[in-house]
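Sequence positions in the sequence shown follow this note's numbering and run 3 to 257.
Data block below; observations after.
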Amino acid sequence: MVRDKSVGVQHTVATFNMYVHLPHNFKGTHMSRFVEILNQHGREISVESFESILCEMVEKLEAQSGYIEMAFSYFVNKEAPVSKVHSLLDYEVAFIGEIVDGKYHFTMKVVVPVTSLCPCSKKISERGAHNQRSHVTITVRTNRSVWIEEVVRYAEEQASCELYGLLKRPDEKFVTERAYDNPKFVEDMVRDVAAALNGDKRIDAYAVESENFESIHNHSAYALIERDKTNGAGGRKPSCSKRASLLHSPLSEQT
Numbered sequence: 003m004v005r006d007k008s009v010g011v012q013h014t015v016a017t018f019n020m021y022v023h024l025p026h027n028f029k030g031t032h033m034s035r036f037v038e039i040l041n042q043h044g045r046e047i048s049v050e051s052f053e054s055i056l057c058e059m060v061e062k063l064e065a066q067s068g069y070i071e072m073a074f075s076y077f078v079n080k081e082a083p084v085s086k087v088h089s090l091l092d093y094e095v096a097f098i099g100e101i102v103d104g105k106y107h108f109t110m111k112v113v114v115p116v117t118s119l120c121p122c123s124k125k126i127s128e129r130g131a132h133n134q135r136s137h138v139t140i141t142v143r144t145n146r147s148v149w150i151e152e153v154v155r156y157a158e159e160q161a162s163c164e165l166y167g168l169l170k171r172p173d174e175k176f177v178t179e180r181a182y183d184n185p186k187f188v189e190d191m192v193r194d195v196a197a198a199l200n201g202d203k204r205i206d207a208y209a210v211e212s213e214n215f216e217s218i219h220n221h222s223a224y225a226l227i228e229r230d231k232t233n234g235a236g237g238r239k240p241s242c243s244k245r246a247s248l249l250h251s252p253l254s255e256q257t
């Protein structure tokens with residue numbers, strides 16, 4: 003279960019990747035402990051418990067640094083713009099936690115499907131313009147909790163038009179005309195999302211990617227923009243403070 007802004011919690015199925023930095027004097031790590039640690043924390047995962055899992059993993063495996071990634075599908079109940087019918091739309095999300103050089107970093111990655119419409123095509127055509135589905139991928143490193151839904155909205159509000167799980171004919175007319183009135187190149191998309199992220203003080207660093215699955219070309223259009231607001235000074239001491247001295251020690255001292 004993960005936290006849901008509208009209904010409290012949401013059930014999903016996740017894939018975990020768990021890694022530790024192996025000290026030079028260790029022949030190998032204890033593989034069973036990864037699964038053991040994960041099972042001990044039950045079925046509900048939050049940003050707070052994510053740090054606890056990572057700290058416990060680093061401690062039990064006597065590692066200097068560790069990394070956990072949890073990838074899952076997340077669903078948002080959306081209302082169609084005209085008919086007001088409700089439907090679920092899925093987003094691919096990943097929680098990523100790292101302890102490196104004595105600092106804890108939490109990163110969230112969200113892939114948001116949207117519609118994009120080409121400004122050039124609109125300008126040179128007497129009728130219509132080519133449009134397509136696009137994936138806007140936002141990766142944020144945060145210093146406080148940020149809802150998944152908030153990251154989703156950063157992408158959807160800057161797209162030519164957002165997507166919906168279910169559309170009636172009046173809705174199709176609306177989204178078609180909305181995209182036509184709001185054309186954007188792939189570069190525009192990432193710049194506009196980045197401008198919005200710059201104003202969120204909870205976000206220390208970000209990367210914004212956009213891939214347009216071009217409808218009239220046999221290739222995709224891609225753009226990326228990234229920024230570290232802290233100039234590399236982000237992160238904080240992890241909550242597993244009893245290992246703070248070990249986390250700050252070089253491997254050569256761990257004998």
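We treat Cβ as the ideally placed atom computed from N, Cα and C, and that holds for glycine.
Predicted model only: the values in this text are computed from it and were never measured.
Length of the line joining the Cα atoms of SER147 and ASP206: 12 Å
Endpoints, the alpha helix (DSSP H) within which PHE52 is located: 49-62
Stretch pair the region 48-57 + the region 82-96: three plus CB contacts closer than 8 Å: no
DSSP state of LEU216 mapped onto helix, strand, coil: According to the sequence displayed, residue 216 carries Glu and not Leu. It is coil, neither helix nor strand.
Opposing strand residues paired with ILE101 [DSSP bridges]: GLY68 and TYR106
Buried or exposed (CB count within 10 angstroms, at least 16 for buried), GLN66: buried
Touch test, the region 142-158 against the region 117-125, Cβ-Cβ under 8 Å, three pairs minimum: no
Within-9 Å CB hit, ILE55 to chain B: Judged by its chain identifiers, the structure shown contains no chain B, having just a single protein chain.
PHE176, DSSP secondary structure in three states: helix
C-alpha distance - ALA209 paired with ASN79, whole-angstrom precision: 26 Å
Which listed residue (GLU216, VAL4 and SER8) has its alpha carbon closest to that of VAL15: VAL4
Cβ separation of ALA150 and ALA196, assumed to be a contact under 8 Å, to the nearest whole Å: Note that residue 150 is Ile in the sequence shown here, rather than Ala. About 19 Å; that fails the 8 Å criterion.
Cβ-based neighbour list, MET59, same chain, cut-off 8 Å, excluding 5 preceding and 5 following: MET20, VAL22, ARG35, PHE36, ILE39, ALA65, GLY68 and ILE70
Proximity of VAL84 and LYS186 at Cβ, strictly below 9 Å: no
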